[in-house]
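Visitor: Take a look at the following structure, please.
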Amino acid sequence: MLSVENLEKTYSSGDEALKGVSMEVSGNEVVAIIGPSGAGKSTFIRCINQLTEPTSGSIELDGVDLTGLSDGELRDQRRNMGMIFQEYGLVERLSVMENVLAGRLGYLSAWNAFRRDFPEEDVRHARATLDRVGLGGHDDNRADELSGGQRQRVGIARAVVQRPKILLVDEPTSSLDPETSRAVMQLLTEIAADEDIPVLINIHEVELALEYADRVVGLADGRLVFEGSPSDLDENARDTIYRATAESSSDPDGDAEGSNGTDPRMITESR
Ligand SMILES: Nc1ncnc2c1ncn2[C@@H]1O[C@H](COP(=O)(O)OP(=O)(O)OP(=O)(O)O)[C@@H](O)[C@H]1O
1 MLSVENLEKT YSSGDEALKG VSMEVSGNEV VAIIGPSGAG KSTFIRCINQ LTEPTSGSIE
61 LDGVDLTGLS DGELRDQRRN MGMIFQEYGL VERLSVMENV LAGRLGYLSA WNAFRRDFPE
121 EDVRHARATL DRVGLGGHDD NRADELSGGQ RQRVGIARAV VQRPKILLVD EPTSSLDPET
181 SRAVMQLLTE IAADEDIPVL INIHEVELAL EYADRVVGLA DGRLVFEGSP SDLDENARDT
241 IYRATAESSS DPDGDAEGSN GTDPRMITES R
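Numbering (full-length UniProt numbering), first residue to last: 1 to 271.
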């Protein structure tokens with residue numbers, strides 16, 4: 001289970017990207033984070049993976065606090081978090097198989113990692129995972145020979161072979177056409193069930209979140225302002241998520257979100 005408590009992030013530029021966000025993600029649920037540009041969605045995912053250091057708050061994965069770890073401890077904990085990126089994050093000149101096996105590098109000794117010497121079991125698992133994501137037979141293709149949708153499937157396979165405890169997914173469909181986007185979202189929901197792990201997805205496209213997520217979280221101006229099932233995300237809820245940024249920038253007290261004060265699902269303060 002991922003448990004985030006009162007997470008804050010202020011960049012050195014002074015930008016307050018997260019202002020006390022708390023949430024839990026567990027089981028094999030698919031949770032979509034939506035919100036306007038600049039709401040803090042990417043910062044949230046990057047803080048969980050410690051690609052960005054939070055300013056304060058706690059992040060626990062299966063009871064282990066991920067903040068303040070030594071480099072070695074962080075390396076071990078990162079193995080537990082599969083990360084999937086908007087721009088795929090592949091090494092374009094390497095083969096599909098080499099890219100997928102990169103997900104196992106964190107398990108190798110430094111010497112074997114240097115030589116890219118993977119156990120046979122890792123290679124078997126990588127091949128089976130490539131079949132699973134619909135890329136069987138593409139092992140030897142270079143990554144730059146693939147379409148965007150295929151590249152994202154390689155990114156998903158690389159995360160899955162880590163055998164992570166959670167998948168963190170940052171805008172997986174932003175570079176894809178609508179049909180491919182739906183196929184990628186479908187695959188992610190199937191992986192959550194097959195691997196029995198939760199999936200936390202930042203996503204711009206609200207309709208995709210509604211179709212594929214079990215739960216939707218709305219961020220606005222660094223705060224969690226909505227949390228509920230897709231069916232709870234009615235027009236009023238959407239309005240709150242997408243209006244809050246504009247209102248808070250003209251609200252000197254910074255407490256404009258939830259100002260309608262009528263909907264119990266709207267979260268007006270950090271928990
Ligand atoms: N590296 C950084 N240095 C300084 N400020 C940053 C940095 N990254 C993000 N920010 C600021 O933090 C705030 C939140 O940005 P973030 O990228 O997390 O939002 P987002 O919801 O993911 O937006 P988008 O949907 O456009 O990607 C914004 O004000 C942004 O300008």
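C-beta: ideal position from N, C-alpha, C; glycine also.
Small disclaimer: the values here were computed from a predicted structure and weren't measured.
Under 8 Å, do A143 and V96 count as touching if we go by C-beta distance?
Guide: yes
Visitor: Please list the terminal residues of the continuous beta strand (DSSP E) segment that includes residue 283.
Guide: Residue 283 lies beyond the residue range present for the chain, which begins at 1 and ends at 271; the question has no answer from this structure.
Visitor: Examine ligand 1 and report whether any of its heavy atoms sits within less than 7 Å of the Cβ of Y11.
Guide: Indeed, a heavy atom of ligand 1 lies less than 7 Å from the Cβ.
Visitor: According to DSSP, is V64 part of a helix, a strand, or is it coil?
Guide: strand
Visitor: Along the beta strand (DSSP E) that carries G106, what are the first and last residues, could you check?
Guide: That residue, G106, is in no beta strand (DSSP E); it is neither H nor E in DSSP.
Visitor: Using the Cα positions of V161 and D140, report the straight-line distance between them to the nearest angstrom.
Guide: 17 Å
Visitor: Do the region 109-125 and the region 179-199 make contact, defined as three or more Cβ pairs closer than 8 Å?
Guide: no
Visitor: I'd like to confirm something about D140: is its beta-carbon nearer than 7 Å to some heavy atom of ligand 1, or not?
Guide: no
Visitor: Return helix, strand or coil for P235, following the three-state DSSP convention.
Guide: Going by the sequence as given, residue 235 is Glu instead of Pro. In this structure, E235 counts as helix in the three-state DSSP scheme.
Visitor: Could you give the residue range of the alpha helix (DSSP H) that holds I156?
Guide: G148 to V161
Visitor: According to DSSP, which residues form a beta bridge with M23?
Guide: V4
Visitor: How should A193 be labelled, buried or exposed, when 16 other C-beta atoms within 10 angstroms of its C-beta is the threshold for buried?
Guide: exposed
Visitor: Given 7 Å as the limit, tell me if A213 has its C-beta closer than that to any heavy atom belonging to ligand 1.
Guide: no
Visitor: Report all residues from its chain with a CB closer than 6 Å to the CB of F85; omit the five preceding and five following residues, and keep chain order.
Guide: Within the same chain, F85 has close Cβ partners D170.
Visitor: Does the beta carbon of S109 fall short of 7 Å from some heavy atom of ligand 1?
Guide: no
Visitor: Taking only three categories from DSSP, how would you classify A17?
Guide: In this structure, A17 counts as strand in the three-state DSSP scheme.
Visitor: Would you kindly work out how many angstroms separate the C-alpha atoms of A39 and G136, rounded to a whole number?
Guide: 38 Å
Visitor: Kindly indicate the opening and closing residues of the beta strand (DSSP E) around residue 291.
Guide: Nothing can be reported for residue 291, as the shown portion of the chain is limited to 1 through 271.
Visitor: Distance, Cα to Cα, G14 vs S42?
Guide: G14 and S42: Cα-Cα distance of roughly 17 Å.
Visitor: Expressed to the nearest angstrom, what Euclidean distance is found between the alpha-carbon atoms of L2 and E120?
Guide: 31 Å
Visitor: Would the beta-carbon of K41 be found less than 7 Å away from any heavy atom of ligand 1?
Guide: yes
Visitor: Specify, as a first and last residue, the run of the alpha helix (DSSP H) that V96 falls within.
Guide: V96 to L101
Visitor: Who does V30 pair with in a DSSP beta bridge?
Guide: Answer is V199.
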